[in-house]
Ligand code: ATR
């Protein structure tokens, strides 16, 4: 039997086990997906122990996405983003950031062309993965963050790589969004609350709006966006496609996307 898993702290409420195990069943793979909560002090031992035990792959979540970086061989995208959410144990532990591919694939699933200008709200881990993913596609990146210095560092980093990027205060959203065709909320604003990170009058029907928040699935931002006729992509799509990408890296076979989507949504709803 092949063993895959998730390391983080806490991981008790993760939706990854049912999503991945639905895929194993659909593809007739003799595999299980289990969760582990190592302490920060034992993280390096946990990674080498997993390797020694023949665990095939691990997802990595909060608070270890950056901490594991020196313990793996990161691929170029993960190295640039500075965070890992997927480890594949091959001849060495290889590190990937499937959050970035997840954002791209979630947009593609909705037939949104990745061109033009994006406004990304937030400059944390999810914001970094989103900015790098969209910049790679040639999208102009505008990052707005509560702590301006984090937005500025990310934009400077992208500029040094030759990408079009700028940094902004949150109160500039009203001047940025009218000229944008993509909007992604990567902050936690809207999680279990009726708050939106974006003033409703700024939204328009030429926008594709993605929200990284998935509790609730229809956030205040997405409700407002739906009401003005924008295309809405809820947080479960990002979650789904980071998992799809990890499954494909680990197994080398095409993921049963519909089955994974159904399992994930059944678990979230
Ligand atoms: P993640 O890895 O999920 O992106 P993170 O690195 O902690 O988590 O980043 C959280 C993001 O949400 C940051 O952009 C944070 O803004 P700061 O950099 O100013 O901390 C943003 N965020 C969290 N709570 C917020 C709030 N109440 N209003 C605006 N932004 C908020």
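Numbering (my numbering), first residue to last: 1 to 269.
For each residue, glycine too, the CB sits at the ideal point set by N, CA and C.
Looking at the ligand ATR, does it come within less than 7 Å of residue 82, judged from the CB to the closest heavy atom?
No, the Cβ of residue 82 stays beyond 7 Å of every heavy atom of the ligand ATR.
Determine the extent of the beta strand (DSSP E) in which residue 55 is found, giving its start and end residues.
It is not in any beta strand (DSSP E) - residue 55 carries neither H nor E in the DSSP assignment.
Can the beta-carbon of residue 31 be found closer than 8 Å to that of residue 1?
Yes; because the gap between Cβ atoms is below 8 Å, this pair is in contact.
Is the stretch 116-135 close to the stretch 254-268, with three or more CB pairs under 8 Å?
No, because fewer than three Cβ pairs between the stretch 116-135 and the stretch 254-268 fall closer than 8 Å, the two stretches do not touch.
Let me check you understand the geometry: is the CB of residue 197 closer than 7 Å to at least one non-hydrogen atom of the ligand ATR?
True, at least one ligand heavy atom lies under 7 Å from that Cβ.
Measuring only the C-alpha atoms, how far is residue 43 from residue 68?
Their backbone Cα atoms lie some 8 Å apart in a straight line.
Quick one, are the C-beta atoms of residue 151 and residue 159 less than 8 Å apart?
No, they are not a contact pair.
Which whole-angstrom value describes the C-beta separation of residue 74 and residue 95, a residue pair presumed to lie in contact below a C-beta threshold of 8 Å?
Contact flag correct, Cβ pair sits at about 4 Å.
Assign residue 2 to one of three DSSP states: helix, strand, or coil.
Three-state DSSP puts residue 2 in a strand.
Pick from 153, 137 and 235: whose alpha carbon is nearest that of residue 184?
The residue with the shortest Cα to Cα distance from residue 184 is 235.
For residue 170, count neighbouring C-beta atoms within 10 Å of its own C-beta (all shown protein chains included) and say buried if the count is 16 or more, exposed if not.
So residue 170 ends up on the buried side.
For residue 97, which three-state DSSP category applies?
Coil at residue 97, not helix or strand.
Which residues in the same chain as residue 65 place their Cβ atom closer than 7 Å to its Cβ, once the five residues preceding and following it in sequence are excluded?
83, 84, 85 and 125.
Looking at residue 19 and residue 243, is the spacing between their C-beta atoms short of 8 Å?
Yes, Cβ-Cβ distance for residue 243 and residue 19 is below 8 Å.
Have a look at residue 87 and residue 135 and give me their C-alpha separation to the nearest angstrom.
One C-alpha to the other measures close to 24 Å.
In terms of DSSP beta bridges, what is residue 27 paired with?
In the DSSP output, where bridge partners are listed per residue, residue 27 has none listed.
Tell me whether residue 126 counts as near the ligand ATR, meaning its Cβ is closer than 7 Å to at least one heavy atom of that ligand.
Yes, Cβ of residue 126 sits closer than 7 Å to a heavy atom of the ligand ATR.
What did DSSP end up calling residue 165 once you bin it into helix, strand or coil?
The answer is strand: DSSP assigns residue 165 an E or B state.
Thinking just about the alpha-carbon of each residue, which of 214, 249, 48 and 254 is nearest to the one in residue 98?
If we check each option's Cα against that of residue 98, 249 comes out closest.
Tell me where the beta strand (DSSP E) around residue 210 begins and ends.
Note, residue 210: beta strand (DSSP E), 208-211.
Would the stretch 99-107 count as touching the stretch 191-205 if we require 3 or more Cβ pairs under 8 Å?
Contact between the stretch 99-107 and the stretch 191-205 is absent, because fewer than three Cβ pairs lie under 8 Å.
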